[in-house]
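All remarks here apply to the structure that follows.
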Amino acid sequence: MDCWIVSALSWFIPVYLLIHLLCFLFADADFTLLWASLAGHKPERKLKGLVVWITGASSGIGEELAYQLGKCGSCLILSARREDELHRVKRHCLETSDLKDDDVLVLPLDLLERTSHEERTKTVIRYFGHIDILINNGGRSQRSLFLETSVDVCQALMELNFLGTVSLTKQVLPHMTQRGRGSIVTVSSLVGLAGAPLATGYCATKHALQGFFNALRPELTDYPKILISMVCPGPVQSQIISNVFTEELNKPVASVGSQEHKMPTSRCVHLMLVGIANGVKEMWIAQQPFLLFYYAWQYAPTFAWFITDLLGRKRVQNFKAGVVRT
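As numbered in my numbering, the sequence shown has no gaps in its residue numbers, which increase by one up to the final residue, 454.
Here you go:
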């Protein structure tokens, strides 16, 4: 009997490990998130009827969030600076879902105008009565070498990506603690866990967001039904690259480059909604080899530093030569 058990284990363990290896090679998210997508709550059931406030909703991930949440039956608040683009997104939401006009509120918002955040929050609560989910998605990226970059760029990034997000969260969170439930979902990045050349200021803002919300989460242990969730995407097809900061505040990026090598926005957003529906606290969303990079930084940092130095040197050289992919 003992020999039979040992023999069975000797076959089972290698097969089990091989299956996991194959799954990892073709994975585009961490195992917790992928398992939730297979066996967890479905977004279209869990998120139906919830009131969701999306910042950065005029393009990219924010725009796609609006479309997919609309199809789930969520009531939406769409915020960004460009009101005309928000109305375009609203029209498409109404055309592709069962939502009515009153189910979607267009609410222009500038994350830099922190004094306006309290009144914007009150507007949302007056309109819908409550806020179930805040998705902090607004922000800008960066493409420049630090040695050539004005400190004003770093300040602008921190004011927008970090303080703007913290400010809005500060207004919404007391409403959620009063109700005893809600979700604060913040779009961070792969570079919020690691580092990447040509984006020192951007990386700093995402590291700051990771630290802030990871510290906030245990402060809310008296509110177990409030979810603090961080989304860490790798490269995703988005218009964010066309509006990146460069070495000077008002200098546009020279070339946007191809988006074909990046994850489709629709897939990234679907995985985000799966994570939100299942209460996942941190989501790693990336195609290979970027997903491997997440795991290397988490479990093999010495190896990760070696790879970062190797690839980083090449990326900087290509950037200086004008051929870097964005």
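Even glycine gets a Cβ: it sits at the ideal position worked out from N, Cα and C. Keep in mind it's a predicted model, so treat the numbers as computed, not measured.
Sort the options by Cα distance to residue i and report the nearest one.
{"i": "residue 198", "options": "335, 224, 213 and 209", "result": "224"}
{"i": "residue 161", "options": "258, 398 and 179", "result": "398"}
{"i": "residue 157", "options": "440, 360 and 441", "result": "360"}
{"i": "residue 418", "options": "323, 426, 388 and 318", "result": "318"}
{"i": "residue 415", "options": "391, 294, 428 and 253", "result": "391"}
{"i": "residue 228", "options": "236, 237, 218 and 235", "result": "218"}
{"i": "residue 255", "options": "230, 278 and 279", "result": "230"}
{"i": "residue 284", "options": "324, 443 and 378", "result": "378"}
{"i": "residue 164", "options": "438, 449, 451 and 407", "result": "407"}
{"i": "residue 244", "options": "296, 438 and 178", "result": "296"}
{"i": "residue 382", "options": "449, 402 and 394", "result": "449"}
{"i": "residue 192", "options": "179, 257 and 214", "result": "214"}
{"i": "residue 349", "options": "305, 259 and 221", "result": "305"}
{"i": "residue 260", "options": "279, 212, 354 and 339", "result": "354"}
{"i": "residue 153", "options": "226, 389, 451 and 423", "result": "423"}
Consult DSSP for residue i and reduce its assignment to one of helix, strand or coil.
{"i": "residue 410", "result": "strand"}
{"i": "residue 357", "result": "strand"}
{"i": "residue 232", "result": "strand"}
{"i": "residue 164", "result": "helix"}
{"i": "residue 244", "result": "helix"}
{"i": "residue 118", "result": "Look at the range of the chain in this structure, 129 to 454, and you will see that residue 118 is not part of it."}
{"i": "residue 459", "result": "The question about residue 459 has no answer here: the residues shown for the chain are numbered 129 through 454."}
{"i": "residue 183", "result": "strand"}
{"i": "residue 262", "result": "strand"}
{"i": "residue 339", "result": "helix"}
{"i": "residue 450", "result": "coil"}
{"i": "residue 159", "result": "helix"}
{"i": "residue 311", "result": "strand"}
{"i": "residue 316", "result": "coil"}
{"i": "residue 204", "result": "strand"}
{"i": "residue 82", "result": "Outside the modelled stretch of the chain, which goes from 129 to 454, sits residue 82, for which no answer is possible."}
{"i": "residue 364", "result": "strand"}
Spatial neighbours of residue i within its chain, please: C-beta separation below 6 Å, excluding the five flanking residues on both sides.
{"i": "residue 386", "result": "none"}
{"i": "residue 396", "result": "361, 364 and 413"}
{"i": "residue 187", "result": "367"}
{"i": "residue 262", "result": "181, 300 and 312"}
{"i": "residue 242", "result": "295"}
{"i": "residue 232", "result": "204, 218 and 221"}
{"i": "residue 420", "result": "none"}
{"i": "residue 238", "result": "209"}
{"i": "residue 440", "result": "325"}
Counting C-beta neighbours from all protein chains within 10 Å, is the total for residue i 16 or more, i.e. buried, or is it exposed?
{"i": "residue 246", "result": "exposed"}
{"i": "residue 352", "result": "exposed"}
{"i": "residue 430", "result": "exposed"}
{"i": "residue 308", "result": "exposed"}
{"i": "residue 276", "result": "exposed"}
{"i": "residue 200", "result": "buried"}
{"i": "residue 147", "result": "exposed"}
{"i": "residue 293", "result": "buried"}
{"i": "residue 195", "result": "buried"}
{"i": "residue 327", "result": "buried"}
{"i": "residue 248", "result": "buried"}
{"i": "residue 167", "result": "exposed"}
{"i": "residue 257", "result": "exposed"}
{"i": "residue 310", "result": "buried"}
{"i": "residue 434", "result": "exposed"}
{"i": "residue 428", "result": "exposed"}
{"i": "residue 252", "result": "buried"}
{"i": "residue 347", "result": "exposed"}
{"i": "residue 279", "result": "exposed"}
Residue i and residue j: beta carbons closer than 8 Å?
{"i": "residue 313", "j": "residue 404", "result": "yes"}
{"i": "residue 473", "j": "residue 298", "result": "Not covered by the structure: residue 473. The range shown for the chain is 129 to 454."}
{"i": "residue 371", "j": "residue 315", "result": "no"}
{"i": "residue 289", "j": "residue 271", "result": "no"}
{"i": "residue 205", "j": "residue 189", "result": "no"}
{"i": "residue 436", "j": "residue 343", "result": "no"}
{"i": "residue 184", "j": "residue 208", "result": "yes"}
{"i": "residue 444", "j": "residue 325", "result": "yes"}
{"i": "residue 175", "j": "residue 401", "result": "yes"}
{"i": "residue 211", "j": "residue 171", "result": "no"}
In chain order, what residues of the same chain lie with their CB nearer than 7 Å to the CB of residue i, ignoring the 5 residues before and after it?
{"i": "residue 341", "result": "314, 356 and 358"}
{"i": "residue 173", "result": "none"}
{"i": "residue 274", "result": "328"}
Excluding the 5 residues preceding and the 5 following residue i in the sequence, name in chain order all residues of the same chain whose CB lies nearer than 8 Å to its CB.
{"i": "residue 286", "result": "329, 332, 333 and 336"}
{"i": "residue 281", "result": "270, 272, 329, 373, 374, 375, 376 and 377"}
{"i": "residue 177", "result": "201, 202 and 203"}
{"i": "residue 409", "result": "345, 355, 356, 357 and 358"}
Using 8 Å as the limit for Cβ to Cβ distance, is residue i near chain C?
{"i": "residue 201", "result": "In the structure shown, chain C cannot be found, because there is only a single protein chain."}
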